[in-house]
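Note sheet for the following structure.
6 protein chains.
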Amino acid sequence: MTVSPPPAHAIDAVLRRSIEEDLGDAGDLTTTAIFDAHHSSRGEIVARAEGTIAGLSIGTRVFDLLDGDVSVTRHVADGDTVASGTVLATLEGSTRAILTGERICLNLLGHLSGIATATRSVVDALGDAHTRVADTRKTTPGLRSLEKYAVRCGGGINHRFGLYDAVMIKDNHTAAAGSVAAAVDAVRRHVGHTVSVVVEVDRLDQIEAAVVGGADVILLDNLRGDELREAVVLVAGRARTEASGGVTPANVAAIAHSGVDVISLGWITHSAPRLDVALDL
Amino acid sequence: MTVSPPPAHAIDAVLRRSIEEDLGDAGDLTTTAIFDAHHSSRGEIVARAEGTIAGLSIGTRVFDLLDGDVSVTRHVADGDTVASGTVLATLEGSTRAILTGERICLNLLGHLSGIATATRSVVDALGDAHTRVADTRKTTPGLRSLEKYAVRCGGGINHRFGLYDAVMIKDNHTAAAGSVAAAVDAVRRHVGHTVSVVVEVDRLDQIEAAVVGGADVILLDNLRGDELREAVVLVAGRARTEASGGVTPANVAAIAHSGVDVISLGWITHSAPRLDVALDL
Amino acid sequence: MTVSPPPAHAIDAVLRRSIEEDLGDAGDLTTTAIFDAHHSSRGEIVARAEGTIAGLSIGTRVFDLLDGDVSVTRHVADGDTVASGTVLATLEGSTRAILTGERICLNLLGHLSGIATATRSVVDALGDAHTRVADTRKTTPGLRSLEKYAVRCGGGINHRFGLYDAVMIKDNHTAAAGSVAAAVDAVRRHVGHTVSVVVEVDRLDQIEAAVVGGADVILLDNLRGDELREAVVLVAGRARTEASGGVTPANVAAIAHSGVDVISLGWITHSAPRLDVALDL
Amino acid sequence: MTVSPPPAHAIDAVLRRSIEEDLGDAGDLTTTAIFDAHHSSRGEIVARAEGTIAGLSIGTRVFDLLDGDVSVTRHVADGDTVASGTVLATLEGSTRAILTGERICLNLLGHLSGIATATRSVVDALGDAHTRVADTRKTTPGLRSLEKYAVRCGGGINHRFGLYDAVMIKDNHTAAAGSVAAAVDAVRRHVGHTVSVVVEVDRLDQIEAAVVGGADVILLDNLRGDELREAVVLVAGRARTEASGGVTPANVAAIAHSGVDVISLGWITHSAPRLDVALDL
Amino acid sequence: MTVSPPPAHAIDAVLRRSIEEDLGDAGDLTTTAIFDAHHSSRGEIVARAEGTIAGLSIGTRVFDLLDGDVSVTRHVADGDTVASGTVLATLEGSTRAILTGERICLNLLGHLSGIATATRSVVDALGDAHTRVADTRKTTPGLRSLEKYAVRCGGGINHRFGLYDAVMIKDNHTAAAGSVAAAVDAVRRHVGHTVSVVVEVDRLDQIEAAVVGGADVILLDNLRGDELREAVVLVAGRARTEASGGVTPANVAAIAHSGVDVISLGWITHSAPRLDVALDL
Amino acid sequence: MTVSPPPAHAIDAVLRRSIEEDLGDAGDLTTTAIFDAHHSSRGEIVARAEGTIAGLSIGTRVFDLLDGDVSVTRHVADGDTVASGTVLATLEGSTRAILTGERICLNLLGHLSGIATATRSVVDALGDAHTRVADTRKTTPGLRSLEKYAVRCGGGINHRFGLYDAVMIKDNHTAAAGSVAAAVDAVRRHVGHTVSVVVEVDRLDQIEAAVVGGADVILLDNLRGDELREAVVLVAGRARTEASGGVTPANVAAIAHSGVDVISLGWITHSAPRLDVALDL
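Chains as they are written, first to last, in the numbering used here: chain X, 8 to 288; chain F, 8 to 288; chain S, 8 to 288; chain V, 8 to 288; chain E, 8 to 288; chain C, 8 to 288.
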């Protein structure tokens, strides 16, 4: 089964915003002055570096939303890792549409593939451990749905999408409630029975109360390797375990050896460099 | 004079989108369960690394748009370069609003400051040459207005904002029109007298036709250092000169020695890592 | 702690839509013709029947969004059950704003209070059992966030808000996957570790696979009372249990005696009659 | 001639809002995990109770707006009254689209058919009197255009759509203006010659001034049966007459015997229970 | 009583659109480069020609929506006719806001005052006849609500606002229905009792059927003066009469002498020249 | 090459707004009552006066956005000047769609063709001078993109589209900066190298500083004919020259004889009367 794409309305909202942003009220001054409406061209979208692709359908969808017909043939699928020089898709049709949509397409494809490539590098660094790699809410404003899709394309899984789809009890919440137990209890009284509760702990002695209180996930924040191993033993399968804090491709395998179920990290979404992609006419 | 901010409507559009994205229909499940509406807190936004700040007003504006009063005192200005550990702003007021808005604020501030910091690093590498650093259209979909502001905060200038506010004649346009001269002429007949025309050349023998045709900017794409110097001589002040292609902090000073007016590069917007910023309650 | 309100952006989206719907392009033809902009009045919002209030702040917020100042004093809180004749709020200010906003305010208040009242009747019918009452996704298009808030005001809890914040495996999914175990496994591989999985079963022999596969909630659909009791024994605390199907105030206490954690029903949102509320000037 | 549907833009606005509401940023987690994009199914939309249908085209239109092709064959028309068990439409196509759109389709269809069924029950209770049944502005926020269409499907007519398309002078307006005559006169000076004026009276001695002042409709609010008869005689065909207040299916025929042209009532829109409809795959 | 303004949401929708249109993503490049955020100025909005004012509050509202405080003191009211040179309003505050909002304010004020002035010229040409001047649906896309307000400021009344708030039966409708009587009957069966029906006739022998069928307004299209007089006699007060077609300030008084209630004409909205207004700093 | 149309998103935004404005929530009451959904008609859009056409594709695009199929055959192109009586396009298809969309189509076509016709009259009055005619920002709120297109259809060119795509230094800016030179310098430091700078001068002695400072366009405001000639000599080809102020078809040729490159005037957009166009069924 392929990676599930974001909902169509979320994709189109980003694309429409991008079109307004790049074309403005005057449109593509250069292309409409040089090419008439009937001029057609053929172009190829090419990866200029090795990487994992995400956003090929999303990016090329821009040509459906612009004036002028462009047919798109995709040669790879999102989630594929490709070599530098790989032709990702072929475009044929209105030259105006191809040139006008080029930058929007490439910006999305390069950005999302950058995230997928970064995620894939972490997943591969893990080897075949049972541990999974997850993202965070440290995403680019307005692009979370698409960026979390890119993480899935890179072999990762998604942490909560927002403040609305899972509870996460952090130190401030615990302090205000008086204890982990009190915080979990307060939350359980308010939220529905389908809401997962994540409890962040930074000391081993907080774990038992969290598990007993009904946490679904114990988030082990910035613990040392030996502490992580002990934490996994303490949880004993009664909740899922997640490690976060200071994760890099270099140390991710070591962290996974602790036996945690999930390792989450922010840089795959907030600091991944763009994958170099280009359009050759 | 401080850096001019983006228009208020552009900022608020991003913030409202971010709020819908992060709060959804159910809101902040955790915070509303733990803190009542009258609970108040004090917090500090802190830089966890050295960098150039952009987006402090933009990011903290989120607290104006959420339920609950939060007063914000800013201790630095956008464009300031700060040491790791610097307190950027102090927040006082509704705990709910502070915790609910935290991630939106930090995501924007960290992203924009990352761009400002990258830009500043290139500007500083130039030394005191007369050459200026410019961005491109390789920005994140939906954030161009804010990212171009971050470039200005880092000491750079903005290239065109979109396809609509300047003409850029590239190789495809030249090929279709038959020659640089023909392309410039076609454009001049279509666009108004206030539109600047940038002509991209990759050979020195294209320059004269572009200048004579009325180009305002000659974009020298991927030329070698000696070619750049010769190009500047050929242009002879009749148009502004811009170099692009393969620019890094390491080679930017060398490129500038050619005497070009502007050096443009994409990675300051598409691949700058986030500046690490945090909220301490 | 009071019931957490929906996010402000969700409330204002409904109100702005309502204002456009009721005022159109011409505005309130009657009121602007009769009263000048400076005429002021005093009015009371009154319950004309006994019921549980929801939406008093939401409904009266309309007066903030219309031209003309109106001050609102609320005498009861959302979640309060009031007798017929109770004055819920007092309005003072612009007559134009009061009369123009009257219907929007009352439509929202009456609709949401109708849902809260229906929910409260089910919750009260349960007596003090540990079982909780939950809603469904059978809500009015565009009003889910507010209707689920009304359920909370009536003492209920919320089931998932949409297709996006929890998994629910129904018979079609099970059939396609081949078995409950296969369906749960497929889902677990795709979704993140913070997503709860609800498995709907209509036979007792499906329960063990669901629990072992990692279901967080076992939804017992249309089982008889004795089956429900047996199901609770079979689950044995390894997942939360939910009963649904044919629930009425008359049978809800009997269902609860089976020991299920949650009883969910659709009519509190899709068929609750409006609570009669009026504005007296 | 069939009942005129609401404008397409009004329908699509509701559907797009519903899709965002139900799919959010993550989409249908369950269905996309279990079914691949090419899996197809056949399903039937069935009425589980007797009732009058409204919204079959509107509800099934959701499948046009989701990813994946679904063909819809409708077997009944809006306005038809059907027996329990009637197959209303057959769906064939993408399983993902069918399951993802199911709840949005059924929520709309059930809600609108509930209103049509309630309206039809009142219309049928009237027998073949010349009197017509009308709705009010007591509708669900954001759904007025569709709910008023459902009233037409049930055999009713629409009262004004908002504050903007007809004048209604109530007691507060009369009191402020000084008299019915003064109020009608003030309105006639302000509004255009195509605007109808409804004057609400609760005493027989107010009628003559209203008619002479140019009222198009005399709304007889909460009058007794004998008063209604006398009112109709007093109006003497110089304006349309409308009765409102305390109308139920039980008394509607009696009210109609007074000879009023229209009887209006709120519960057909604000309190009609949903018609039970389901999707069988 | 002053002229009733358009609803606030209609005004703000136009203003927000105008701000996005004029400021774009980069904002006011000139003003933000020259003036810092704290620079303040004083300016006067002045009429450079004699005319009737409409849109002074609407136009100056733009300063509330831009960054920077500007206080506005209005010296005349909408509907006032002023001499050339009259100071309409004084502005004090942020220079940036005043200069950035200047053109949006003046474009609206000049456009709406142009319409008011044109309307006033027709109304004045009528003398003190009982006949009133009405607009049409020949308005500028997106500005109908504001343009119809300008007509009211000029002493006119509004025809229907759209296709939705009154019926107008024209020749095509009559031809399709078979006769005026059949068309009126078809409409009366479909629309509610609060909807006015206008019937357009171009021959005297169509009048009786229209009146008897229940038309509220008889629109006499392009009839000669003697025909108009005869038409008024034939209608005999049983409906309102409206003349249209070829109306100019020169012939409007003559048309009014026929005794029609209303004269409608399109050029006051579609071809009125702008009133010259300026901002002096 | 034909005139480049506005971007599709800008056209559709205007059309969707127009549809909401004219159809509202109730739709076309008249047409849906008289014609059933399958009734079809044939109609012609006809010019009732001589003029230059703009907006034929834009206006008829409304039929694509309404329910019901209409095929449109266009017989002339935007930019063509046609005689009174010319059939511009033929429509065939749904009678409902044709009659419902008629007014929106004609309002746009008549408005834009009015602007094109006015522009053409000025361009023609110039004779074959090298001087070009430009518009201003004195446009109708929300329609700038389309109105500037109409100017191009009439043979004119566009001045800047907004405050964001070129700098214009006026007297207030100069005064605040201290001198023309200081103002140009301040702007050049802030804006990018692709932004054109227009400097407005009203005295000949301001020209040299503007040119030397780097102005791309010298806007000569309200200078006499002899001053204009002298200004052109002073500029000496170092910048483009533009004349504005008091331009009419009567004096435009005389102004052009001064040798200025561009003459700009506001009345072609703010005061052009509508071209009379009609739909004949």
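Every residue, glycine too, gets a C-beta built ideally from N, C-alpha and C.
Since this is a predicted model, take the numbers as computed values, not measurements.
request  = Find the nearest neighbour of Val187/S within the set Asp209/S, Pro13/S and Ser128/S, judged by alpha-carbon distance.
outcome  = Asp209/S
request  = Note down, in chain order, every chain X residue with its Cβ under 7 angstroms from the Cβ of Gly220/S.
outcome  = Within chain X, no residue comes near Gly220/S; the closest Cβ sits about 14 angstroms away, beyond 7 angstroms.
inquiry  = Which residues does DSSP list as the beta-bridge partners of Leu226/S?
reply    = Glu207/S and Glu249/S
ask   = Among the residues of its own chain, which have a CB less than 6 angstroms from the CB of Pro280/S, if the five just before and after it don't count?
value = Gly121
ask   = Okay, do the stretch 89-106 of chain E and the stretch 123-131 of chain E touch, 3+ Cβ pairs below 8 angstroms being the bar?
value = no
query = If we ignore side chains and look at the alpha-carbon of each, how far apart do Ala33/F and Lys155/X end up?
reply = 20 angstroms
query = At least one CB of chain F closer than 8 angstroms to the CB of Arg24/X: is that the case?
reply = yes
ask   = Start and end of the beta strand (DSSP E) containing Thr124/V?
value = Taken as a continuous stretch (DSSP letters only), Thr124/V belongs to no beta strand (DSSP E), being part of the alpha helix (DSSP H) at Thr102 to Ala132.
query = From the beta carbon of Thr9/C, is the nearest beta carbon of chain V less than 8 angstroms away?
reply = no
inquiry  = Using a Cβ-Cβ cutoff of less than 6 angstroms, which residues in the same chain neighbour Gly252/V once the five nearest sequence positions on both sides are dropped?
reply    = Asp228 and Asn229
key: Cβ of Glu207/V within 8 angstroms of any chain S Cβ   = no
Span of the alpha helix (DSSP H), counted from its first residue to its last, around Ser271/X = Here Ser271/X belongs to no alpha helix (DSSP H); instead the beta strand (DSSP E) covers Val269 to Ser271.
ask   = Would a check of beta-carbon distances place Leu211/V closer than 8 angstroms to chain X?
value = no
ask   = Is the Cβ-Cβ distance between Asp172/F and Val158/F less than 8 angstroms?
value = no
request  = Show which residues of chain V have a CB atom less than 8 angstroms away from the CB atom of Ser78/X.
outcome  = Residues of chain V passing the Cβ test: none, with the nearest at roughly 19 angstroms.
message = Would Arg24/V and Pro148/S be called neighbours here (beta carbons separated by less than 8 angstroms)?
response = yes
ask   = Hey, would you say Leu153/C sits closer than 8 angstroms to Gly62/C, going by beta carbons?
value = yes
ask   = Between which two residues does the alpha helix (DSSP H) harbouring Arg196/S extend?
value = Val187 to His197
message = Could you check whether Leu115/X and Ile2/X sit closer than 8 angstroms to each other, using their CB atoms as the reference points?
response = Since the first residue of chain X shown is 8 and the last is 288, residue 2/X is not available in this structure.
query = Do we get a CB-CB distance below 8 angstroms when we pair Val224/X with the residues of chain S?
reply = yes
query = How big is the Cα-Cα spacing for Arg247/S and Val204/S?
reply = 11 angstroms
query = Going straight from the alpha carbon of His166/S to that of Val69/S, what length do you get?
reply = 28 angstroms
ask   = Taking the continuous beta strand (DSSP E) assigned at Asp287/S, which residues delimit it?
value = Val284 to Asp287
query = Grouping DSSP H, G and I as helix and E and B as strand, with all else coil, what is Glu57/E?
reply = coil
message = Against chain C, which members of the stretch 253-271 of chain F pass a CB distance test of less than 8 angstroms?
response = Asp268 and Val269
task = For Arg49/E, name the three-state secondary structure that DSSP assigns.
result = strand
task = With Arg139/E as the anchor, note down where its beta strand (DSSP E) starts and where it stops.
result = Arg139 to Ala141
key: Members of the stretch 148-163 of chain E that neighbour chain S once the beta carbon cut-off is set at 8 angstroms   = Arg151, Ser152 and Lys155
message = So, with DSSP's three-state summary, where would you put Ser152/V?
response = helix
message = Give me, in chain order, the residues of the same chain whose beta-carbon lies closer than 7 angstroms to that of Gly221/X; leave out the 5 immediate sequence neighbours on both sides.
response = Val191, Arg195 and Val204
ask   = Does Ala15/X come within less than 8 angstroms of chain A when only Cβ atoms are used?
value = The structure shown contains no chain A; its protein chains are X, F, S, V, E and C.
ask   = At a Cβ threshold of 8 angstroms, is Ala141/C touching chain E?
value = no
message = Taking 8 angstroms as the threshold (beta carbon to beta carbon), is Val202/X in contact with chain S?
response = yes
request  = Look up Ser78/S in the DSSP assignment and give the residues it is bridged to.
outcome  = Glu99/S
query = How would you list, in chain order, the residues of chain F whose beta-carbon sits under 7 angstroms from the beta-carbon of Thr39/E?
reply = Ser11
request  = Using a Cβ-Cβ cut-off of 8 angstroms, state whether Asp228/X counts as contacting chain F.
outcome  = no
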